[in-house]
Structures are given as structure tokens and as C-alpha cells.
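Student: Numbering follows my numbering, with no gaps: position 44 of the sequence shown is 44.
Just so it is clear, CB atoms sit at the ideal spot from N, CA and C, and this is done for glycine as well.
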Amino acid sequence: MLTESIGNIKTRVPTSFVDAKKIIEGPERQVTLLTFGKGHTESDLVMYLPDEKILFSGDIVFDGMHPYMSDGFPGEWMNYLDSLQKLEVSQLVPGHGDVTSAMALKQMKNYIGMVEAKAQELLDAGLQESAVDTVTIPAPFDTWWFDRFFFINMHFMYGQLSGNNAGKD
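#1: For Q160 and Q120, what's the separation of their Cα atoms in angstroms?
#2: Cβ atoms of K109 and L81: under 8 Å apart, would you say?
#3: Determine the burial state of V93: buried for a count of at least 16 other Cβ atoms within 10 Å of its Cβ, exposed for fewer.
#4: In angstroms with no decimal places, state the Cα-to-Cα distance between P74 and Q30.
#5: Please work out which residues of its chain come closer than 8 Å, Cβ to Cβ, to P14, disregarding the five sequence neighbours upstream and downstream, and give them in chain order.
#6: CA-CA distance, T35 and V89?
#7: How long is the line joining the alpha carbons of N164 and M69, rounded to whole angstroms?
#8: Just to confirm the assignment, what range does the beta strand (DSSP E) spanning K22 have?
#9: Determine, using beta-carbon pairs with one atom in the region 138-156 and one in the region 57-67, whether at least three such pairs fall under 8 Å.
#10: Locate the alpha helix (DSSP H) running through V61, then write down its first and last residues.
#11: Taking Cβ to Cβ, would you say G58 is nearer than 8 Å to V46?
#12: Given the structure, does I152 come close to the ligand GDP, in the sense that its CB is under 7 Å from one of the ligand's heavy atoms?
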């Protein structure tokens, strides 16, 4: 364990939880912690600075790169993004990628929707999962980093839609 290898580190258990929203009043600014449930993981949390209109999205948003979706919950992830789009955001700090604008929320939603649509096309055509590897990444996502995740995401979504990924939404 890390604690044993370093020595003087003390493990602390959480003493505060965020069910949906928690406001922290600091000496210079207010910070709002928000969760809308599952998305990229079982329990995603974002930080919002309402006065500055800055959203720290964590891995709910990736900018300019394919996310890893296989541990996520695509339907709920889309709902999470819908909830975040209701915030007034001037700057968005994604979990991965450059600082961007609120447009990244829509772009992430478009990406998840595209992966779902492409996987559904394969199923509707009666193609086996191996056909995922022949799909061409559509624009604008074809210029994104980590294109190997596109194919991992496609396999995951194919499994979701075909019922082979039990336990996910």
C-alpha cells in the first residue's frame, strides 16, 4: 500500500459528502460542487465558480480527444451534459484537453450520440461486432487524439445496444 511505502502519510476518510450540490463560501469566491449522478464513472463531481462562470468538468468533458467510455454510463452521461448546459459558462476546464468554452459540452454530447448511432447502424445492418473495426471515424472527431479509444468505445456501445454489457445503462 502507498501508506506503508511512504511512512508518515495518514489515510483520511471523507467527512463531507455531496448529494447533489454543495456551496463552499471562501474569503474571495464561492465554489459550487455539483453532481448529477453517473456519467464517465459511477459518481462524477464538477466544480463551478458562479461569479467567474468557470466550470471544472473533470472527465465528463474531454476536449479534442476521444474519451474512454467503457467504464461509463452513456445515457446518464448525456443527461449529465444536459444538466451542465443549463449553467452559464464562459470557460470550461475539461478533464482532458485545453481550456475551452461551453461549446465543449455540446461537442461531447455529439460524440457520445455519434458513437451510439454508429453502433446502432451496425446492429441494424445485422453485422457482427467485428465490423466495428472497419468503421471510419467521422469528422470532426477524426482529428481528435487517442483514436484507438473510438474503436474501444464502439465495441463497448455495440455491446450495450446488443445487450452484451449487462449492468450498464
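Tutor: Let me lay it out:
#1: 10 Å
#2: yes
#3: buried
#4: 31 Å
#5: none
#6: 16 Å
#7: 15 Å
#8: 21-25
#9: yes
#10: Element bounds for V61: not the alpha helix (DSSP H) but the beta strand (DSSP E), 54-62.
#11: yes
#12: Among the components of this structure there are no ligands whatsoever, and the ligand GDP is therefore not found.
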